[in-house]
Each structure stands twice: as C-alpha cells, then as structure tokens.
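Asks: In our numbering, the protein residues as written are 20 to 209.
What follows is a structure written as structure tokens; I'll ask about it next.
Take a look at the structure:
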C-alpha cells in the first residue's frame with residue numbers, strides 16, 4: 020500500500036491540512052521534535068502504554084536509534100495536544116478509508132458491506148479542561164475519575180474503522196450509534 024502511505028504523508032505535510040486542524044495560526048510554527056507531523060504520528064500509533072513508555076519507543080523508532088533520547092516530556096505532549104484539533108484524525112481516517120477502498124479488493128456479502136458498531140467507556144486524562152468537557156464519574160475506589168464513551172462503526176469483513184466517536188459518558192451508546200448511521204452508504208448493511 021505505498022500509495023496509501025504516500026497519501027497519508029502528503030495529507031499531514033499539507034499546509035492546508037495543518038491550517039485547518041491546529042487551534043491557532045501560531046501553533047507548530049517552529050521545527051521541533053514535537054512538530055505537527057510527529058504529534059499526529061505519535062497519537063496515531065499510541066498503544067496502551069504510559070506516555071513515557073510510548074514516547075521513548077516513538078522517538079527511538081523515528082530517530083532510528085537503539086536508545087531513545089528523552090526529547091519530549093509527557094507534559095510537552097499534553098500541552099501540544101491542546102493545539103491540535105480532533106478533526107485532524109477524523110479527516111485522516113476518512114481519507115485513509117477512501118484511499119484503501121480504491122486500492123484494495125474489498126470483501127462483500129452478497130454485494131453488501133456488513134458494518135458493526137461497538138462502544139466502550141474509557142478513562143481520559145485527568146485534566147481540568149477534559150473533566151469539564153467529558154464529566155467526572157466515581158472511580159472504583161470512590162475517587163472522581165473523568166470518563167468518556169467511545170464508539171466505532173467498522174467494516175466487519177475488511178476490518179476497517181469507518182467512523183469513530185468520543186463523547187461525554189452521559190451520552191448513551193444508542194446516541195453514538197445513531198451518529199454513525201448518518202454516515203452509512205447505500206451498500207452498507209448495519
């Protein structure tokens with residue numbers, strides 16, 4: 020899928036894409052280790068480890084070194100994240116799905132694309148702005164804990180996430196599913 024990778028790189032490198040998806044025209048103007056492109060790549064590849072573990076692995080990989088340089092701190096990532104609009108990932112996913120569907124032979128079921136919806140509740144970072152947006156729920160030990168509902172609509176035969184949503188936990192799974200269904204195509208089978 021070299022064309023797909025090239026499309027993603029070209030999109031992320033595009034000045035127009037960057038302008039649309041940063042909070043301010045003053046954001047990401049210096050060439051630092053935590054550039055717009057690196058931040059997108061970091062979050063797109065984020066696994067389930069701590070920020071520190073993921074940062075070390077990420078910079079070790081992109082710098083092609085055996086040992087990672089502690090170039091970026093957890094706090095710097097958290098601060099930079101606030102400069103990046105979530106719409107960047109939505110647009111990237113939509114473009115990636117479109118490009119993939121054009122390049123790959125897609126499996127169908129009697130000419131239809133079966134889609135599924137799955138959701139979950141996740142703990143989000145314990146930061147003031149995040150708590151204000153997503154709300155705070157009681158944790159296992161009675162401590163306040165910020166939570167969000169996540170949901171995805173996916174092509175079950177081709178294993179492609181077609182749409183993803185993160186909303187306050189107060190929004191139910193049915194509401195999130197209804198949002199996904201607005202993006203169904205005529206050949207989709209929910």
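Built from N, CA and C at the ideal position, the CB exists for glycine as well.
Can you tell me whether residue 50 is buried or exposed? The criterion is at least 16 other CB atoms within 10 Å of its CB, across all chains shown.
Replies: Here residue 50 corresponds to residue number 31 of the chain shown, with the count starting at 1. The residue in question, residue 50, is exposed, as its Cβ has fewer than 16 Cβ neighbours within 10 Å.
Asks: If you check the beta carbons only, do residue 170 and residue 195 fall under 8 Å apart?
Replies: In the chain shown, the residue the question calls residue 170 occupies position 151. In the chain shown, the residue the question calls residue 195 occupies position 176. It is a contact, given that the beta carbons lie within the stated cut-off.
Asks: To test your reading of the DSSP string, which unbroken beta strand (DSSP E) runs of 3 or more residues are found completely within the stretch 124-188?
Replies: Counting only runs of 3 or more, we get 132-142, 155-157, 163-174 and 179-187.
Asks: Which residues in the same chain have their Cβ closer than 8 Å to the Cβ of residue 104, if we skip the five residues on either side of it in sequence?
Replies: In the chain shown, residue 104 corresponds to position 85, counting from 1. Cβ within range, chain order: 39, 40, 41 and 42.
Asks: For residue 207, which residues does DSSP report across the bridge?
Replies: What you label residue 207 is simply residue 188 of the chain shown in a count that begins at 1. Beta-bridge pairing links residue 207 to 132.
Asks: Which value, in whole angstroms, describes the spacing of the CA atoms of residue 149 and residue 198?
Replies: Here residue 149 corresponds to residue number 130 of the chain shown, with the count starting at 1. Here residue 198 corresponds to residue number 179 of the chain shown, with the count starting at 1. Rounded to the nearest angstrom, the two C-alpha atoms are 22 Å apart.
Asks: For residue 103, list the residues DSSP reports as bridge partners.
Replies: The residue given as residue 103 occupies position 84 in the chain shown. Paired residue(s): 41.
Asks: Quick one: residues in its chain with C-beta nearer than 8 Å to the C-beta of residue 128, no 5 flanking neighbours on either side, listed in chain order?
Replies: One-based indexing of the chain shown puts residue 128 at position 109. So the list reads 176 and 208, once near-sequence residues are dropped.
Asks: Taking residue 30 as part of the alpha helix (DSSP H), name the residues at either end of that continuous run.
Replies: Your numbering for residue 30 matches position 11 in the chain shown. Run containing residue 30: 21-32, per the alpha helix (DSSP H) assignment.
Asks: With distances taken between CB atoms, is the gap from residue 116 to residue 52 smaller than 8 Å?
Replies: Translated into positions along the chain shown, residue 116 becomes position 97. Translated into positions along the chain shown, residue 52 becomes position 33. No. Outside cutoff.
Asks: Can you name the start and end residues of the alpha helix (DSSP H) that residue 47 belongs to?
Replies: The residue labelled residue 47 in the question sits at position 28 within the chain shown. Looking at the DSSP string, residue 47 is not in any alpha helix (DSSP H), and its letter there is neither H nor E.
Asks: How many whole angstroms separate the CB atoms of residue 142 and residue 166, which I take to be in contact at a CB cut-off of 8 Å?
Replies: Residue numbering aside, residue 142 sits at position 123 when the chain shown is read from its first letter. Residue numbering aside, residue 166 sits at position 147 when the chain shown is read from its first letter. Contact flag correct, Cβ pair sits at about 6 Å.
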